[in-house]
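In my numbering, each residue's number is its place in the sequence shown (first place is 1) plus 104. Backbone N, C-alpha and C define an ideal beta-carbon position, used for all residues, glycine too. To start, the structure under review is shown below, and the notes come after it.
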Amino acid sequence: MVARHDLATDQRVRADLLEVRRATAFFARKLGELSDADLDAPTRLEGWNRRHLVAHVGYNARALCRLALWANSGEPHPMYASPDARDREIARGATLQPHALRHLFEHSAVSLDVEWRDSPDAAWRASVRTATGREVPFSETAWMRLRELWLHAIDLDNGARWGDVPAPIAERLLADIVGTWAARGERLGFVLSDPASGFSAGAPAPGAASLIRIEGPLPALLAWASGRGRASETAGLEARGIGEAPVRLPAAPRWL
Ligand code: ZN
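See below:
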């Protein structure tokens, strides 16, 4: 039977689903502001125009639908057959007619929402594997999608700003990014903080050669850490090294 409401009872899952719906609406609005001809223009992502990006966001939702199938059936359904297959799909998707591309985004988002809505608690707790091979509870997929939607709305490069990302999402993203760097054993440790809000993320990584503190408003921190920020967007940040001596803002380590 198809539920008309979320079957999940976990409050964190329900809150994430609500946030995903908001982020989907935001991405849809930015996409709606683009004319068909605008879709040919470049994005913030090297080598991808907006067609590639919209196709990717659509296929990402479909890939997460496969994880929903996995979580609900217990049978492995990987997000993508291989990294190559993923890239080929995006390249092909980028050649779709504009109306088909827009349809892909809308339809895949609705399908994913239905899959999530109809997933019971047991499925949310089930283990699935992401495209990078990480084993995560299915509940992680809501956060994965949330990240994709906000960052790629900005990547569309038609006016979405870092400050549009809700502060709790921005803080979670920053903690996620800094955590990924530390887990990878980056030689340089970072602590990011926004004195105005009291937010702070990061800690000296074990064995890190040095530590840099970066302070400033949340949107600027996110612009910098995600590796997509323009100089004008990270201008409000101050970087300090050992002994709190001001240093030049370094390039952020690769994230994903
Ligand atoms: Zn992506």
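Review point. Considering residue 200, what are the terminal residues of the beta strand (DSSP E) in which it resides?
Key: As a first step, residue 200 is located in the sequence shown; it is residue number 96 there, counting from the start. From DSSP, residue 200 is part of no beta strand (DSSP E); its letter is neither H nor E.
Check your understanding: Roughly how many whole angstroms lie between the Cα atoms of residue 149 and residue 115?
Key -> Stepping through the sequence shown from its first residue, residue 149 is reached at position 45. Stepping through the sequence shown from its first residue, residue 115 is reached at position 11. C-alpha of residue 149 to C-alpha of residue 115: approximately 34 Å in a straight line.
Review point. How is residue 293 classed by DSSP in three states: helix, strand or coil?
Key: For the purposes of this step, residue 293 is taken as residue 189 along the sequence shown, with counting starting at 1. Note: residue 293 maps to strand in three-state DSSP.
Check your understanding: Tell me which same chain residues have a C-beta within less than 8 Å of the C-beta of residue 93, skipping the five on either side of it?
Key -> No answer is possible for residue 93: it lies beyond the span of the chain, which begins at 105 and ends at 360.
Check your understanding: Can you tell me the Cα-Cα spacing of residue 119 and residue 170, whole angstroms?
Key -> Counted from its first residue, the sequence shown places residue 119 at position 15. Counted from its first residue, the sequence shown places residue 170 at position 66. In this model, residue 119 and residue 170 are separated by some 22 Å (Cα to Cα).
Check your understanding: Which word fits residue 80, buried or exposed, when buried means at least 16 other C-beta atoms lie within 10 angstroms of its C-beta?
Key -> This structure gives no information on residue 80, because the portion of the chain shown stretches from 105 to 360.
Point to revise | Which residues DSSP lists as bridging residue 305, in chain order | key: Taking the first residue of the sequence shown as 1, we reach residue 305 at position 201. Answer is 296.
**Study point:** Simplified DSSP state of residue 176, which is helix, strand or coil
**Key:** Looking up residue 176 in the sequence shown gives position 72. Reduced to three states, the DSSP call for residue 176 is helix.
Exercise for review: Could you check what DSSP says for residue 137 in three-state terms: helix, strand or coil?
Suggested key: The residue given as residue 137 occupies position 33 in the sequence shown. If DSSP states are grouped into helix, strand and coil, residue 137 belongs with coil.
Point to revise | Sheet register partners of residue 368 (DSSP bridge) | key: Because the chain in this structure spans residues 105 to 360, residue 368 falls outside the shown range and cannot be described.
Review point. By a C-beta neighbour count over all protein chains shown, 10 Å radius and 16 as the cutoff for buried, is residue 155 buried or exposed?
Key: On the sequence shown, residue 155 is found 51 positions in, with the first residue counted as 1. Under this definition residue 155 is a buried residue.
Check your understanding: Any idea which residues DSSP pairs residue 260 with across the strands?
Key -> Working through the sequence shown from its first residue, we reach residue 260 at position 156. When beta bridges are read from the DSSP output, residue 260 appears opposite no residue.
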